[in-house]
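The block underneath contains the structure these notes are about, expressed in structure tokens.
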Amino acid sequence: AQSVTQLDSQVPVFEEAPVELRCNYSSSVSVYLFWYVQYPNQGLQLLLKYLSGSTLVESINGFEAEFNKSQTSFHLRKPSVHISDTAEYFCAVSTNTGGFKTIFGAGTRLFVKA
Amino acid sequence: GAGVSQTPSNKVTEKGKYVELRCDPISGHTALYWYRQSLGQGPEFLIYFQGTGAADDSGLPNDRFFAVRPEGSVSTLKIQRTERGDSAVYLCASSLIWGDTQYFGPGTRLTVL
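If you read the protein sequences in the order shown, they are chains D and E. One point on numbering: in our numbering, the residue at position 13 of the first sequence is 18, and numbering is uninterrupted. One point on numbering: in our numbering, the residue at position 34 of the second sequence is 38, and numbering is uninterrupted.
Here's what the structure looks like:
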């Protein structure tokens with residue numbers, strides 16, 4: 006069965022520093038990959054997604070993630086974070102192998118310090 | 005336009021009672037999903053509807069849980085004989101088609117005393 010691992014439960018970082026939030030999944034067979042973000046006191050919303058095509062995808066607020074099929078990873082990066090990026094980030098994989106499921110990781114809490 | 009809405013926002017019930025949680029998806033979205041989220045965890049997949057039918061209900065934990073979507077829009081998640089372990093935030097999401105961006109509702113916080 007598909008599984009998603011977010012290796013860091015919490016990532017503290019100073020403002021304007023770079024950050025990488027790691028995500029690994031168990032199988033590359035027929036997957037769509039997503040990062041969702043949950044800002045304090047708000048609902049889950051899409052940050053970026055990989056469905057097909059270019060393996061590097063970007064969000065409108067400067068985040069990017071790269072689909073690495075050989076390493077079954079979809080790490081999220083930002084070269085310079087802002088205080089407003091403080092949130093919980095969830096990696097998710099949708100697969101139609103053996104059903105139609107979306108599996109979420111446990112989440113990574115990004116805390117940006119001034 | 006209107007997003008995904010869920011009612012009630014909070015539900016407190018006693019062990020053994022029956023509860024219904026409602027989800028109103030975005031109009032025109034054929035795909036609807038239910039998840040359960042416990043504190044400190046990511047959303048846990050419960051069931052996926054394509055139109056009126058449950059295309060994948062493998063995430064429902066046991067036969068006390070049941071969900072319907074009779075007209076292909078509103079969905080209801082039903083939990084019989086609630087247990088304290090059922091306490092969680094229940095999230096609903098919808099998308100145009102399966103595999104595309106999911107739009108989440110605010111969730112229903114269920115507390116079983």
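Even for Gly, the Cβ is constructed at its ideal location relative to N, Cα and C.
Taking residue i as the query, report the chain E residues whose CB atoms sit under 7 Å from its CB, ordered along the chain.
| i | result |
| --- | --- |
| D:Ile108 | Phe49 |
| D:Gly112 | Gly46 |
Verify the CB distance criterion: does residue i have a CB-CB separation below 8 Å to chain D?
| i | result |
| --- | --- |
| E:Asp60 | yes |
| E:Gly76 | no |
| E:Phe70 | no |
| E:Tyr37 | yes |
| E:Tyr22 | no |
Go ahead and pull the three-state DSSP assignment for residue i.
| i | result |
| --- | --- |
| D:Ile88 | helix |
| E:Gly44 | coil |
| E:Asp28 | strand |
| E:Gly89 | helix |
| D:Ser78 | strand |
| D:Lys40 | This sequence places Trp at residue 40 of chain D; Lys is not what is there. Strand, per DSSP. |
| D:Phe72 | strand |
| E:Glu75 | coil |
| E:Asp60 | strand |
| E:Tyr22 | coil |
| D:Asn29 | strand |
| E:Leu50 | strand |
| E:Trp102 | coil |
| E:Arg68 | coil |
| D:Ile65 | coil |
| E:Pro12 | coil |
| D:Gln7 | coil |
| D:Gln15 | strand |
| D:Glu20 | coil |
| D:Gln50 | strand |
| D:Ser57 | coil |
| D:Ala111 | coil |
| E:Thr34 | coil |
| D:Ala97 | strand |
| D:Thr102 | coil |
Between residue i and chain E, is the shortest Cβ-Cβ distance under 8 Å, so that the two count as touching?
| i | result |
| --- | --- |
| D:Lys54 | yes |
| D:Leu49 | yes |
| D:Tyr94 | no |
| D:Ser78 | no |
| D:Ser99 | yes |
Under 7 Å Cβ-Cβ, which residues of chain D neighbour residue i?
| i | result |
| --- | --- |
| E:Pro110 | Gly48 |
Identify the contact partners of residue i in chain D, using a Cβ-Cβ distance below 8 Å as the criterion.
| i | result |
| --- | --- |
| E:Gly63 | Lys106 |
Closer than 8 Å is the cut-off here; do at least three beta carbon pairs connect the segment 96 to 103 of chain E with the segment 19 to 33 of chain E?
yes
When you check each C-beta in the segment 89 to 104 of chain E against every C-beta of chain D, which residues fall closer than 9 Å?
Leu95, Ala97, Trp102, Gly103, Asp104
Could you run through the segment 25 to 39 of chain D and flag, in chain order, every residue whose CB is less than 8 Å away from some CB of chain E?
Tyr37, Phe39
Would the segment 109 to 116 of chain D count as touching the segment 57 to 67 of chain E if we require 3 or more Cβ pairs under 8 Å?
no
Using 8 Å as the cut-off, can you tell me whether the segment 26 to 45 of chain D makes contact with the segment 90 to 109 of chain D, which would need three or more C-beta pairs spanning the two stretches below that distance?
yes
Cβ pair count under 8 Å reaching 3, the segment 97 to 107 of chain D against the segment 25 to 37 of chain D:
yes
Below 8 Å, how does it come out for the segment 14 to 24 of chain E and the segment 62 to 77 of chain D: are there three or more Cβ pairs, yes or no?
no
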